[in-house]
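**Q**
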Amino acid sequence: MSSSPPLPIVNENGVNWSLIPSELREMILKAIARCKNPGWGSHAAVSKEWQSVIEVENFRRLKLRYECVFQLEHMVAPERQKLVRHIWLNIGLFDYHCGNCHIRETRYSRESNNIKIETALGRLFSVICHWPWQPEKGLKLELNAYSDSDSQHFFQHYYIGAEHEENPEEWRPNFVLARQLPAHDPTHGWIDDQRVFVPPTESIWRLFSAMFLTGFREAPRVAAVTSLVIRRQLRRCFSPFTLQVLLDKLPCLLEISYESWRTWNEDWKEIFFPSVSVKRIVIFEDTNDDITTAMNFYADPLWDSSALDSQIGKVFADRSLQLEQLAASFMTDARHFFHHCQKSWVWPRLQSLALTTSLLCSTSSREGAAALLRAAAKSALNMPKLHAMALWYGARREACAVIYKIKAGTASITSRSTWYMDLNHYPGVITAWNNVSFKALHRDIHVSQDLIQEVIESHGDAIHYLRLPCTVIGPVSLWQIRREAARSRINAN
Numbered sequence: 001m002s003s004s005p006p007l008p009i010v011n012e013n014g015v016n017w018s019l020i021p022s023e024l025r026e027m028i029l030k031a032i033a034r035c036k037n038p039g040w041g042s043h044a045a046v047s048k049e050w051q052s053v054i055e056v057e058n059f060r061r062l063k064l065r066y067e068c069v070f071q072l073e074h075m076v077a078p079e080r081q082k083l084v085r086h087i088w089l090n091i092g093l094f095d096y097h098c099g100n101c102h103i104r105e106t107r108y109s110r111e112s113n114n115i116k117i118e119t120a121l122g123r124l125f126s127v128i129c130h131w132p133w134q135p136e137k138g139l140k141l142e143l144n145a146y147s148d149s150d151s152q153h154f155f156q157h158y159y160i161g162a163e164h165e166e167n168p169e170e171w172r173p174n175f176v177l178a179r180q181l182p183a184h185d186p187t188h189g190w191i192d193d194q195r196v197f198v199p200p201t202e203s204i205w206r207l208f209s210a211m212f213l214t215g216f217r218e219a220p221r222v223a224a225v226t227s228l229v230i231r232r233q234l235r236r237c238f239s240p241f242t243l244q245v246l247l248d249k250l251p252c253l254l255e256i257s258y259e260s261w262r263t264w265n266e267d268w269k270e271i272f273f274p275s276v277s278v279k280r281i282v283i284f285e286d287t288n289d290d291i292t293t294a295m296n297f298y299a300d301p302l303w304d305s306s307a308l309d310s311q312i313g314k315v316f317a318d319r320s321l322q323l324e325q326l327a328a329s330f331m332t333d334a335r336h337f338f339h340h341c342q343k344s345w346v347w348p349r350l351q352s353l354a355l356t357t358s359l360l361c362s363t364s365s366r367e368g369a370a371a372l373l374r375a376a377a378k379s380a381l382n383m384p385k386l387h388a389m390a391l392w393y394g395a396r397r398e399a400c401a402v403i404y405k406i407k408a409g410t411a412s413i414t415s416r417s418t419w420y421m422d423l424n425h426y427p428g429v430i431t432a433w434n435n436v437s438f439k440a441l442h443r444d445i446h447v448s449q450d451l452i453q454e455v456i457e458s459h460g461d462a463i464h465y466l467r468l469p470c471t472v473i474g475p476v477s478l479w480q481i482r483r484e485a486a487r488s489r490i491n492a493n
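In structure tokens form, the structure reads like this:
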């Protein structure tokens, strides 16, 4: 007796879903979830199979506005808490009109915004403090706060984290910008999409004001959060006190990514001491022409930042002994870091290290750069797990990095810059790094030079073309820096 022929997967009525191999069905469902077309989450109601895939994607990343935190407890049932891997709390602050855009925030406005941020953070922490700790999966907490007015006046080229903004991380085929940035606003210095004058200094400090969240001290501690992310799009910086309190509330942190802004007041340069659980730290201190203008306007000619920079270098050096990864960009110079490293120190866990240094500027002395590179090699001898170190510098029109890397059983040291930098002409550098290679792999080091020929318009371009082996800034933030720099040049014609 002959058996019946198998049912075709495709017939005149379409595709027979049940006959598609399960692996292929899962791939299709994941593709649907990634597209996130309007109403995509409702597909989870089709069947348990669909629910198991779409629900995971639906809860994987929660984007919470101020209003959402008060509904979070009901939005995420206990059985779904383990599905959440990323919470982005994006707090909309109060708007301000054109009559106030050129002056600093009033005390009332500043306190009102601080209270709103405190309330949202406090409510969020009161909910997720009951969530389970899952170190093998992790829970990332990302924080941002902005006013829609921030990018409607002088700073129309700034990315602030608003919902209407472009974001390469969330691009999808059906994505359309809700609105385009205005291209012609002479009152605020924009003519035909060109910036024609520098904003008033007080308007700059309005945007980069500090947040003092004194009431947040009463919030509960949250063990579930293992990663904290604060991107450069948060223009309003946390005060050192607030940042310290925030970190104290997260006792199980494993990694910190903090992109701060350079300001003229040394109070903002205080360094926090994260808990001993932290394994990976990425610190990036950003700046731009606006910040430089404001700093120069208020600068104290008698103030010398070198002592403070040295102190910060010591803090990073001390902290690096317990870390697996450290990247500290522009907040201190690599020479201060290595100056405070002791001969007896051993870094048992450190796998990658990235530091900036002005000694790799094209106008710096070769002797100073050579001394730094030899000091770095001396410390690297006591980093048994090190597989990547990058010392670099980036600014408009120049970029330079010296990169040590172990890959496929071979150690290499590469100079990559906008000018030809031959490490053989830097006294003792090749010998010092050859000792590092021989201790790690029992073989000589490979030496190479790369010349960057592209035009460097910003430190963002420098990072892009240097191709650093270590993460020094988030990809979205790097994209924003390059986009902002392209529109920020003053055109006085």
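Just so we're aligned, residue 1 is where the sequence shown starts under my numbering, counting upward by one.
Glycine included, every Cβ here is placed at the ideal spot set by N, Cα and C.
Bear in mind the structure is a predicted one, so any value in this text is a computation, not a measurement.
1. Got a sec? Which residues, its chain only, sit under 7 Å from Leu-421 by beta carbon, not counting five neighbours each side?
2. Please specify which runs of the alpha helix (DSSP H), each continuous and at least 4 residues long, are wholly inside the region 190-228, giving them in chain order.
3. With respect to the beta strand (DSSP E) encompassing Gln-449, which residues constitute its N-terminal and C-terminal limits?
4. In chain order, which continuous runs of the beta strand (DSSP E) of length 3 or greater are located wholly inside the region 326-403?
5. Rounded to whole angstroms, what's the CA-CA distance from Ala-327 to Ile-281? Just pull it up for me.
6. Is the separation between the beta-carbon of Arg-65 and that of Asn-90 shorter than 8 Å?
7. So, for Arg-396: in the same chain, excluding its five sequence neighbours on each side, which residues have a beta-carbon less than 7 Å away from its beta-carbon?
8. At what residues does the alpha helix (DSSP H) containing Gly-92 begin and finish?
9. Within a Cβ cutoff of 7 Å, which residues of the same chain sit near Leu-93, ignoring the five residues on either side of it in sequence?
10. To the nearest angstrom, how far is the alpha carbon of Ala-377 from that of Ser-417?
11. Is it a yes or a no for the region 192-208 touching the region 127-134, going by three-plus beta-carbon pairs under 8 Å?
12. Hey, how far is the Cα of Ser-151 from the Cα of His-157?
13. Asn-144 by DSSP, collapsed to three states: which one?
14. Please say whether Ser-437 and Ile-430 have beta carbons closer to each other than 8 Å?
15. Can you tell me where the alpha helix (DSSP H) with Thr-431 in it begins and where it stops?
16. Pick helix, strand or coil for Phe-316, following the three-state DSSP scheme.
17. For Ile-473, which residues from the same chain have a beta carbon less than 6 Å from its beta carbon, with the 5 sequence-adjacent residues on both sides left out?
18. Please state the DSSP three-state secondary structure of Ser-151.
19. On the criterion of 16 or more Cβ atoms from any shown chain inside 10 Å, does Thr-106 qualify as buried, or is it exposed?
20. Find out if the Cβ-Cβ distance for the pair Ser-227, Lys-140 is shorter than 8 Å.
21. Run through DSSP, which three-state label would Lys-405 get?
22. What is the rounded straight-line gap between the Cα of Arg-347 and the Cα of Ile-191?
23. Within 10 angstroms of the Cβ of Ala-317, are there 16 or more other Cβ atoms? Answer buried if so, exposed if not.
24. In chain order, what residues of the same chain have a beta carbon less than 7 Å from the beta carbon of Phe-154, not counting five sequence neighbours either side?
25. Between Phe-175 and the rest of its own chain, which residues show a CB-CB distance below 6 Å, the 5 nearest in sequence each way excluded?
26. Which value, in whole angstroms, describes the spacing of the CA atoms of Arg-335 and Leu-143?
**A** Concretely, from the data shown:
1. A quick correction: the sequence has Met, not Leu, at residue 421. For Met-421, where only same-chain residues beyond five positions count, the Cβ hits under 7 Å are Cys-400, Ser-415 and Gln-449.
2. 201-207
3. 446-451
4. 352-356 and 388-395
5. 6 Å
6. yes
7. Ile-456, Glu-457 and Ser-458
8. Here Gly-92 belongs to no alpha helix (DSSP H); instead the beta strand (DSSP E) covers 86-92.
9. Asn-113, Lys-116, Ala-145, Tyr-146 and Ser-147
10. 20 Å
11. no
12. 7 Å
13. strand
14. no
15. 429-441
16. helix
17. Phe-284
18. helix
19. exposed
20. yes
21. strand
22. Going by the sequence as given, residue 347 is Trp instead of Arg. Trp-347 and Ile-191: Cα-Cα distance of roughly 54 Å.
23. buried
24. Cys-101, His-188, Gly-189, Pro-199 and Ser-203
25. Caution applies to Phe-175, whose pLDDT of 45 falls short of 50 and renders its modelled position unreliable; the model cannot decide the point.
26. 32 Å
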